[in-house]
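Structure record follows, encoded as structure tokens.
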Amino acid sequence: MDALGDWRRTHFLGKLEEKDFGNEVTVAGWVQDIRNLGGIAFLVLRDRTGTCQLTLLKKHHPEVWEKLASLPRESVIMAKGPVQANNQAASGMELVPTEAKVLGESKTPLPLGVADDEKSDIETKLDTRLDNRFIDLRKPEVGAIFALKHTILRTMREHFHKLGFREISTPKIVATATEGGTALFPMKYFENDAYLNQSPQLFKQIMMASGMDNIYEIGPAFRAEEHDTVRHLNEFISVDIEMAFSDEEDVMQVLEDLVYQSVLAIRNENPDELALLGVDPDIPALPFPRVTYTECVEYVNSQGVEVEWGEDLSMEAMKVLAKKYPDWSFVTRWPTAIKPFYAQPYEDDPLVCRAFDLNYAHQEITSGAQRVHDPEMLKANLKRMGLDPEEFDFYVKAFEYGMPPHSGWGLGIERIVMILAGLSNIRETVLFPRDRYRLVP
46 MDALGDWRRT HFLGKLEEKD FGNEVTVAGW VQDIRNLGGI AFLVLRDRTG
96 TCQLTLLKKH HPEVWEKLAS LPRESVIMAK GPVQANNQAA SGMELVPTEA
146 KVLGESKTPL PLGVADDEKS DIETKLDTRL DNRFIDLRKP EVGAIFALKH
196 TILRTMREHF HKLGFREIST PKIVATATEG GTALFPMKYF ENDAYLNQSP
246 QLFKQIMMAS GMDNIYEIGP AFRAEEHDTV RHLNEFISVD IEMAFSDEED
296 VMQVLEDLVY QSVLAIRNEN PDELALLGVD PDIPALPFPR VTYTECVEYV
346 NSQGVEVEWG EDLSMEAMKV LAKKYPDWSF VTRWPTAIKP FYAQPYEDDP
396 LVCRAFDLNY AHQEITSGAQ RVHDPEMLKA NLKRMGLDPE EFDFYVKAFE
446 YGMPPHSGWG LGIERIVMIL AGLSNIRETV LFPRDRYRLV P
């Protein structure tokens, strides 16, 4: 194989234009296909932006021919030469290499096809694809998912910045469960027992006592739940906010604006990727509908699906609701007893709290609430859930020295990407997913 030396790429393949005709360029990428016709060969080179035909001429450039004409697919090369028009080529142009380097020759056979499988069969081939993710990600439609994810995450950060939020980072190794329960990954932290954090919930609430006002975090979260569905992961990226001097409606407005801006961004910036994925997400109408939990229960019961007030909404109930609310919608005013201890009850009706869920059709996307900021109520709620307030002393203490009313939510970015990319399995949205059975690669 050749050394890189002083060669550097001058152009991405998908960025070559008519103005480059006649100019010498240096390109790099993976060999997608070669058709060797004897004295001439056509090599399709691919990088993350697209493909370009390299026309190899044995008579004129024998050294280039020797290097490239018989290479295995998915080998890595660089090539120098002039760009010229060619109406027979898929991109309407070709590059005629005068020099070339083979930087990484591929083994054969490939563990997974790239050019042969034009559209991934997610359900039947997913395990094979994930076992060979480095190859799978070379597929343009798979790379398109992560182009969308990049745009969405960048858009969210930009939107938070415009709103005056500050980005924070909180610990992922903790001594206490965020919300109690057993859905925790235990670990040893020197001589102590510790856990991977389920959520930054407690820490972002503590920040409300710090005077930072509005904050956000984008980082990993871990849930040791033994589910095996197309909608759940055991490690995911959580987008969390907390706002001081606010109620649930304030943070709901931030959330719906964030979804709106994310859809707008991928429509404007990623039309090619959306086309590869075969999706065209509608720009959502603002504001999203608000429907109370009680209204949901009444409607679902009227449609023949029985839900008792005070129960969570089953998947069957959610599917019924989706017929009335097929897009983005909020469910508000939840029963206090089925929401976390930090959800603020209504002053005039403590059986109901200031919590909400954001749904897309039948899928729950995220939950949020105005939080309890009274330390005595917080301690009482912890005890009601069978938790010892003394074990949460680092958290409760922040409420005893001046805590403003505050609200927030946490959003798994993969669920948003899954919806906007039109995918049926959330594992598609993660480079190296972690679920009940997958720990490698």
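Heads up: the sequence shown begins at 46 in this note's numbering, then just goes up one per residue.
By construction, the Cβ of each residue, glycine as well, lies at the ideal position given by its N, Cα and C atoms.
Keep in mind that this is a model prediction, so the values were computed, not measured.
Burial state of residue i (16 or more Cβ within 10 Å)
| i | result |
| --- | --- |
| W354 | exposed |
| K164 | Caution applies to K164, whose pLDDT of 48 falls short of 50 and renders its modelled position unreliable; the model cannot decide the point. |
| S347 | exposed |
| P395 | exposed |
| H105 | exposed |
| L484 | exposed |
| T169 | In this predicted model, T169 has a pLDDT of only 42, less than 50, meaning its place in the structure is not dependable; the value taken from the coordinates is given anyway. Exposed, by the Cβ-count rule. |
| F290 | exposed |
| N313 | exposed |
| P478 | buried |
| N279 | buried |
| Y482 | exposed |
| E343 | exposed |
| D51 | exposed |
| R53 | exposed |
| I218 | exposed |
| D166 | Reliability fails at D166, whose pLDDT of 46 lies under 50, so the model's placement of it is uncertain and the value that follows must be treated cautiously. Exposed: under 16 other Cβ atoms inside 10 Å. |
| Q133 | exposed |
| A400 | buried |
| K64 | exposed |
| K424 | buried |
Proximity of residue i and residue j at Cβ, strictly below 9 Å
| i | j | result |
| --- | --- | --- |
| V70 | T55 | yes |
| L140 | C97 | yes |
| I458 | F281 | yes |
| Y240 | T215 | no |
| W75 | R183 | yes |
| A145 | E119 | no |
| N259 | E301 | no |
| P142 | L99 | yes |
| H407 | L366 | yes |
| M123 | A130 | no |
| Q250 | Y405 | no |
| L88 | L113 | yes |
| M4 | P486 | The shown model of the chain, from 46 to 486, leaves out residue 4, and the question about it has no answer. |
| L403 | L476 | no |
Residue i: first and last residue of the uninterrupted beta strand (DSSP E) it sits in
| i | result |
| --- | --- |
| L102 | G95 to L102 |
| K233 | F230 to Y234 |
| Y440 | Run containing Y440: none in the beta strand (DSSP E); it sits in the alpha helix (DSSP H), D438 to V441. |
| I286 | E280 to A289 |
| M297 | First-last for M297: E293 to E314, but that is the alpha helix (DSSP H), not the beta strand (DSSP E). |
| T337 | R335 to T337 |
| L88 | I85 to D92 |
| V147 | E144 to G149 |
| M257 | Careful: M257 lies outside any beta strand (DSSP E) and carries neither H nor E. |
| R14 | In the structure as shown, the chain begins at 46 and stops at 486. Residue 14 is therefore absent and cannot be evaluated. |
| P185 | Note, P185: premise wrong, no beta strand (DSSP E); alpha helix (DSSP H) at P185 to K207. |
| L456 | H451 to G457 |
| R378 | W373 to P380 |
Cβ distance (whole Å) where residue i is taken to contact residue j below 8 Å
| i | j | result |
| --- | --- | --- |
| I410 | R460 | 5 Å |
| N81 | V275 | Rounded, the Cβ-Cβ distance is 43 Å, inconsistent with contact. |
| Q243 | A228 | 7 Å |
| E293 | S452 | 5 Å |
| A382 | A414 | Contact doesn't hold; Cβ gap of about 14 Å is too wide. |
| R335 | F386 | At roughly 24 Å, the Cβ-Cβ gap does not stay under 8 Å, so R335 and F386 are not in contact. |
| V299 | L427 | So it is not a contact: roughly 28 Å between Cβ atoms. |
| N315 | L193 | 6 Å |
| L309 | A466 | Between A466 and L309 the Cβ distance is about 16 Å, and since that is not below 8 Å, they are no contact. |
Nearest residue (CA-CA) to residue i, options the options
| i | options | result |
| --- | --- | --- |
| I85 | L101, E63, V72 and I79 | L101 |
| K125 | V275, K112 and A73 | A73 |
| V284 | R472, G67 and V462 | V462 |
| P245 | S307, A266, G256 and S374 | A266 |
| I328 | P316, N315 and S307 | S307 |
| F248 | F191, E262, K424 and D238 | E262 |
| V324 | G59, G83, I190 and D393 | I190 |
| K369 | D78, E392 and V345 | V345 |
| E318 | A135, R472 and G188 | G188 |
| T339 | V352, L49, A330 and F333 | V352 |
| L155 | R416, Q77 and Y391 | Q77 |
| G158 | D419, P326, I180 and L309 | I180 |
| E356 | K364, L331 and K384 | K384 |
| W454 | S412, E435, Y446 and T153 | S412 |
Delimiting residues of the alpha helix (DSSP H) encompassing residue i
| i | result |
| --- | --- |
| K125 | No alpha helix (DSSP H) contains K125, which is instead part of the beta strand (DSSP E) from V121 to A130. |
| P407 | The displayed chain sequence assigns His, not Pro, to residue 407. Premise fails: H407 is in no alpha helix (DSSP H) and is neither H nor E. |
| V109 | P107 to L113 |
| I260 | Careful: I260 lies outside any alpha helix (DSSP H), inside the beta strand (DSSP E) at I260 to F267. |
| A330 | It is not in any alpha helix (DSSP H) - A330 carries neither H nor E in the DSSP assignment. |
| P420 | P420 to R429 |
| E62 | Per DSSP, E62 belongs to no alpha helix (DSSP H) and is neither H nor E. |
| D238 | From DSSP, D238 is part of no alpha helix (DSSP H) but of the beta strand (DSSP E) over N237 to L241. |
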